[in-house]
Amino acid sequence: MKRSLILLVIALMVIPVKAQYYPSQSIEKPVRPMDPYWHTGNLFQHLDVALSLGTSGIGIEVASPICKYAQVRVGYELMPHFKKHKGHDVLVGGQTSHQYDDKGYRKETNYDKARDLMWREEGLDMYDHVNFTGRFTMQNFKFLVDVFPLADNKKLHLTVGFYWGPSEIADFKNDSGYDGTVACITAYNTKYANASPDDVIKEYGPAGVNGGVFKNDIKDASGKVIHKAGSNYLLTGGNKGTINVAVKTNSIKPFLGVGYTSIFTKKRPDIKWAVTGGVMFWGGTPSMYTPDGINMTKDLNNEGWSSVSLLSKLQVYPTIGFRVIKNIF
Numbered sequence: 006m007k008r009s010l011i012l013l014v015i016a017l018m019v020i021p022v023k024a025q026y027y028p029s030q031s032i033e034k035p036v037r038p039m040d041p042y043w044h045t046g047n048l049f050q051h052l053d054v055a056l057s058l059g060t061s062g063i064g065i066e067v068a069s070p071i072c073k074y075a076q077v078r079v080g081y082e083l084m085p086h087f088k089k090h091k092g093h094d095v096l097v098g099g100q101t102s103h104q105y106d107d108k109g110y111r112k113e114t115n116y117d118k119a120r121d122l123m124w125r126e127e128g129l130d131m132y133d134h135v136n137f138t139g140r141f142t143m144q145n146f147k148f149l150v151d152v153f154p155l156a157d158n159k160k161l162h163l164t165v166g167f168y169w170g171p172s173e174i175a176d177f178k179n180d181s182g183y184d185g186t187v188a189c190i191t192a193y194n195t196k197y198a199n200a201s202p203d204d205v206i207k208e209y210g211p212a213g214v215n216g217g218v219f220k221n222d223i224k225d226a227s228g229k230v231i232h233k234a235g236s237n238y239l240l241t242g243g244n245k246g247t248i249n250v251a252v253k254t255n256s257i258k259p260f261l262g263v264g265y266t267s268i269f270t271k272k273r274p275d276i277k278w279a280v281t282g283g284v285m286f287w288g289g290t291p292s293m294y295t296p297d298g299i300n301m302t303k304d305l306n307n308e309g310w311s312s313v314s315l316l317s318k319l320q321v322y323p324t325i326g327f328r329v330i331k332n333i334f
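Residue numbers (this note's numbering): 6 to 334.
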């Protein structure tokens, strides 16, 4: 009998038992290898750090479980400043700078007359177009909650939360090489506004970069119509002497998505990858505000501005992101 008891004690000592420390209970409790990631009584008992890359930008985040079926992710994302260049015509008196007769010969336009006048009288030149550079400026803090609906599957998750950041997500500015043309347009319009009714400049009309055609009448605070429906909108320099169009959405953007998480290899379960797709609700069609307050996406028809046409269709912002995750503890 004594020999049997000794053999039993030896057998128990060689059986491997894993333990998890529970500060709230101050005891060690056996944990089977298949026990859940979360254990009751120990909030924020794990911490993951991740790098992210996707259509919402590049970023860094931390994550920790808050209950058996959910974890919280907090981070920051910045959109790289991708740029797009495009030129837009200068209009004078509602006419394009270049026009041709039935035989294909170029006709003199109001632009030609206005350019010649400004060169002779002011020594300023006016190009027939202005190049613009558009770039993303979006950056956001994010607070997301991953919910794992399947008790025995911590790979599939639903994600809810919000992104928060500056309302301006992109901008369009005239290239610096065209500052002279923008300055010439401003000087010409000042001369036009101050000229007497019988001055020849009144025959040419105002000048500016083609911004589109007004959909409806635009009125000032007193109710006076300042832009008629169907008339051309002319972009001109603001107080800084440049044309800057700001693209804006809501600062707080709710998010809803679905994702999948898995380990790279069984030998390193502490390193995982995840992909999440969803939509960012940024408040409907983004607004594109010009220096004088016109909203290009809502007030104008913009056949020449492909960026405006694209933004007009984006009521929500679709996102897909990839993360590399490292478990710290």
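Glycine residues also receive a C-beta, built at the ideal position from the N, C-alpha and C atoms.
When the Cα atoms are used, what is the spatial distance from residue i to residue j?
i      : j      : result
ASP130 : VAL218 : 26 Å
GLY239 : THR114 : The question names Gly, yet the displayed sequence has Leu at residue 239. Roughly 17 Å separates the two Cα atoms.
THR302 : GLY326 : 28 Å
THR138 : LYS89  : 6 Å
GLY242 : TYR183 : 11 Å
MET293 : LEU316 : 9 Å
TRP124 : TYR209 : 15 Å
GLY235 : GLY170 : 36 Å
PHE146 : LEU58  : 14 Å
ARG328 : LYS272 : 19 Å
THR142 : MET84  : 6 Å
SER311 : ASP106 : 29 Å
GLY283 : ASN158 : 20 Å
GLN100 : GLY246 : 23 Å
ASN194 : GLY109 : 31 Å
GLY4   : ASP222 : What the structure shows of the chain is the stretch from 6 to 334, and residue 4 is not part of that stretch, so it cannot be assessed.
PRO154 : ALA279 : 16 Å
ASP176 : LYS118 : 32 Å
LYS73  : VAL150 : 13 Å
ARG140 : LYS220 : 26 Å
LYS233 : LYS112 : 28 Å
TYR132 : SER267 : 57 Å
Under 6 Å: does the beta carbon of residue i sit that close to some heavy atom of the ligand SAH?
i     : result
GLN50 : As far as ligands go, the structure on display features none, and thus does not contain the ligand SAH.
According to DSSP, is residue i helix, strand or coil?
i      : result
GLY128 : coil
GLU208 : helix
GLY228 : coil
ALA198 : helix
ASN221 : coil
ASN332 : strand
ASN158 : coil
LEU52  : coil
ARG120 : helix
VAL321 : coil
GLY235 : coil
GLY170 : coil
LYS303 : helix
ILE190 : helix
GLY216 : strand
SER69  : strand
GLY182 : helix
ASN337 : Given that the chain is displayed from residue 6 to residue 334, the structure contains no residue 337 and the question cannot be resolved.
ASN145 : strand
LEU315 : helix
ASN249 : strand
Hey, residue i and residue j: beta-carbon distance below 7 Å or not?
i      : j      : result
TYR265 : LYS160 : yes
VAL135 : HIS93  : yes
ASN306 : VAL313 : no
PHE148 : PRO259 : no
LEU96  : ASN215 : yes
LYS178 : ASN249 : yes
THR164 : THR281 : yes
PHE334 : LEU52  : yes
ILE71  : VAL77  : yes
VAL252 : ILE174 : yes
GLY288 : ASN255 : yes
ALA68  : VAL152 : no
GLU126 : ALA192 : no
GLY64  : TYR81  : yes
Whose C-alpha, out of the options, is nearest the C-alpha of residue i?
i      : options                           : result
ALA226 : GLY298, HIS93 and TYR116          : GLY298
LYS196 : GLY182, ALA212, SER181 and TYR183 : ALA212
HIS86  : SER61, VAL187 and VAL97           : SER61
GLN320 : ASP133, SER172, PHE286 and TYR105 : PHE286
ALA188 : SER201, LYS108 and ARG120         : ARG120
ILE231 : ASP304, HIS162 and ASP180         : ASP304
LEU122 : ILE223, TRP278, LYS207 and LEU261 : LYS207
LYS91  : TYR132, GLN50 and ASP180          : ASP180
HIS4   : ARG111, GLY262, ASN300 and PRO291 : Only positions 6 to 334 of the chain appear in this structure, which leaves residue 4 out of reach.
PRO291 : GLY185, LYS224 and SER172         : SER172
Please classify residue i as buried or exposed, where buried requires at least 16 neighbouring CB atoms within 10 angstroms.
i      : result
ILE276 : exposed
ALA55  : buried
LYS318 : exposed
TYR116 : buried
PRO274 : exposed
PRO202 : exposed
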